[in-house]
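Novice: Per my numbering: the sequence shown = residues 958 to 1321.
By construction, the Cβ of each residue, glycine as well, lies at the ideal position given by its N, Cα and C atoms.
Please read all numbers here as calculations on a predicted model, not as lab measurements.
Next up is a structure, given as structure tokens.
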Amino acid sequence: MQGVLMTLAAWLHTLDPFALRITEDFGIRWYGLSYVAGFMIAYVVLKWLAKHQLTVIPRDRVGDAIVVFVLGILIGGRLGYVLVYEPSLAWTLMDTPPWWGVLAINRGGMASHGGMAGLILAAWRVSRGWKQADGTVAGRCSVLHVMDVLALVAPFGVFLGRIANFVNGELLGRVVTTPGAPGPWWAVQFPQELHGWLGPGRRGGHAPALTADQEGQLWALASKVALPGDSFARALDRLTARAAEFAAEIKPLLSSRHPSQLYQAAAEGVVIGVFLWLAAAKSRHAGYISALFFIGYGLLRVLTEIWRLPDPQFGEAGRPWGLSRGQWLSVWMVLGGALLLGLSKRSPGRWPGWRRGVGPTAPG
958 MQGVLMTLAA WLHTLDPFAL RITEDFGIRW YGLSYVAGFM IAYVVLKWLA KHQLTVIPRD
1018 RVGDAIVVFV LGILIGGRLG YVLVYEPSLA WTLMDTPPWW GVLAINRGGM ASHGGMAGLI
1078 LAAWRVSRGW KQADGTVAGR CSVLHVMDVL ALVAPFGVFL GRIANFVNGE LLGRVVTTPG
1138 APGPWWAVQF PQELHGWLGP GRRGGHAPAL TADQEGQLWA LASKVALPGD SFARALDRLT
1198 ARAAEFAAEI KPLLSSRHPS QLYQAAAEGV VIGVFLWLAA AKSRHAGYIS ALFFIGYGLL
1258 RVLTEIWRLP DPQFGEAGRP WGLSRGQWLS VWMVLGGALL LGLSKRSPGR WPGWRRGVGP
1318 TAPG
């Protein structure tokens, strides 16, 4: 990772998305490692909960449960992105691997709301328990209890995912100052915004407008790094990857933006995580923690997306009634959480808080 070049004004983002680059376009990415680390943390936390009898998931089945959760979040997250943000991927076929647009993770990635939907289905499967050799079923419990357990481990993964979004320079924040104007010290200049340029005089996505002189400087820079046969897009990819090398020349061509990925990492990872673990310190009905997660995550997502740009493929339609699609999905999460909060009070028995360190008084 090359790091972030700090100047007297905004920071220039020069982080390498590859932890280990094998070829120019292939290697081990920080984004993938964030998922691996999130699942590893979930495994350790679930083991701890099982050891202290704070979940009925058997200790020897925690690994099996993690596999189910991994499948739920990967399948749900990818299908969620395709269905909500880019349905055309469902019928996009390619001549090269992975051949089907749905499997092309580099096109759009994952949707957090879809991942949560996948986790709810995974929670149902885990709540059914596992059949033992003697014919008995171990670990059968309420799906609300498994959802509570997931709510306690989810903030770790969400935090790491948002940090990976920042490293990738994706999900850009709103513009604070336009190209050529100095930005505040806390703002970030993302070379990735240049990917919105389609050619001289033609731009899309979230690429801010440039003056004629600035456009000329951009094409001159792209020509410096371009290889024979490169398209405009490929040349800009190379320029983005070498932003640190051309820092002095590229900074006047970039806007300064809110680091919205870091805002969301703090809100959806740290704030909601601390809040839920404090709530779980005391006894409660099954479903209470997951209800708080839906409400808290939804509200914080609506708030933090004020500083995040909507997905560029929707244009002005990306913010119906002033809210992005992510915010509207979060509103539904809040409503669903409020309903779940009411239902949780009807679940039988109470689960102990982690401060007590003993098993449930009665599985809910």
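#1: I believe ILE1062 touches ARG1035 by the beta-carbon criterion, under 8 Å. Please report the beta-carbon distance rounded to the nearest angstrom.
#2: Could you please give me the residues that DSSP links to GLN1146 through a beta bridge?
#3: Just how far apart, CA to CA, sit VAL1115 and PHE1189?
#4: Does the stretch 1151–1159 come close enough to the stretch 993–1000 that 3 or more CB-CB pairs lie under 8 Å?
#5: The alpha helix (DSSP H) with PHE1232 in it runs from where to where?
#6: Within the same chain, show all residues whose beta-carbon is closer than 7 Å to that of MET1067, passing over the 5 residues directly before and after it, in chain order.
#7: Apart from the five residues just before and just after ARG1303, which ones in its own chain have a Cβ nearer than 6 Å to its Cβ?
#8: Please report the distance separating the alpha-carbon of LEU1046 from that of ILE1229.
#9: ALA1121 and TRP987: beta carbons closer than 8 Å?
#10: Is GLY1137 near the ligand FAD, in the sense that its beta carbon is under 7 Å from a heavy atom of that ligand?
#11: Starting from VAL1132, trace the beta strand (DSSP E) both ways and give me its first and last residue.
#12: Taking PHE983 as part of the beta strand (DSSP E), name the residues at either end of that continuous run.
#13: Three-state secondary structure (DSSP) at SER1180?
#14: Could you check the C-alpha separation between ARG978 and ALA1238 for me, to the nearest Å?
#15: ARG1082 by DSSP, collapsed to three states: which one?
#16: Can at least three beta-carbon pairs, one atom from the stretch 1026–1033 and one from the stretch 1046–1061, be found at a separation below 8 Å?
#17: For THR1134, which residues from the same chain have a beta carbon less than 6 Å from its beta carbon, with the 5 sequence-adjacent residues on both sides left out?
#18: If the criterion is Cβ atoms closer than 8 Å, does the pair TRP1308 and GLY1130 meet it?
#19: What's the call for PRO1267, buried or exposed, on a 16-neighbour Cβ count within 10 Å?
#20: Let me know if GLU1262 comes out buried or exposed under the rule of 16 or more other beta-carbons within 10 Å of its beta-carbon.
#21: Among TRP1285, GLY1244, TYR1254, MET1290, which one has its Cα closest to the Cα of GLY1299?
#22: Do you know offhand how far ARG1018's Cα is from PRO1157's?
#23: Taking DSSP as the reference, what is the three-state secondary structure of TRP1005?
#24: Based on the DSSP output, what are the partners of ALA1090 in its beta bridges?
Specialist: Reading off the structure:
#1: 7 Å
#2: LEU969
#3: 34 Å
#4: no
#5: 1229–1236
#6: Within the same chain, GLY1034, ARG1035, TYR1038 come within 7 Å of MET1067 by CB-CB distance, once the 5 residues on both sides are set aside.
#7: none
#8: 33 Å
#9: Cβ distance < 8 Å, so ALA1121 and TRP987 count as in contact.
#10: This structure lacks the ligand FAD; in fact it carries no ligand of any kind.
#11: From DSSP, the beta strand (DSSP E) with VAL1132 extends over 1132–1134.
#12: PHE983 -> no beta strand (DSSP E), and no H or E assigned at all.
#13: helix
#14: 43 Å
#15: The answer is helix: DSSP assigns ARG1082 an H, G or I state.
#16: Touching, no, given that fewer than three Cβ pairs across the two stretches are closer than 8 Å.
#17: Same-chain partners within the cutoff: GLY1140, SER1213.
#18: no
#19: buried
#20: Residue burial is scored here from C-beta neighbours: GLU1262 has at least 16 other C-beta atoms within 10 angstroms and is therefore classed as buried.
#21: Ranking TRP1285, GLY1244, TYR1254, MET1290 by Cα distance to GLY1299 puts GLY1244 first.
#22: 58 Å
#23: helix
#24: Partner(s): none; ALA1090 has no beta bridge.
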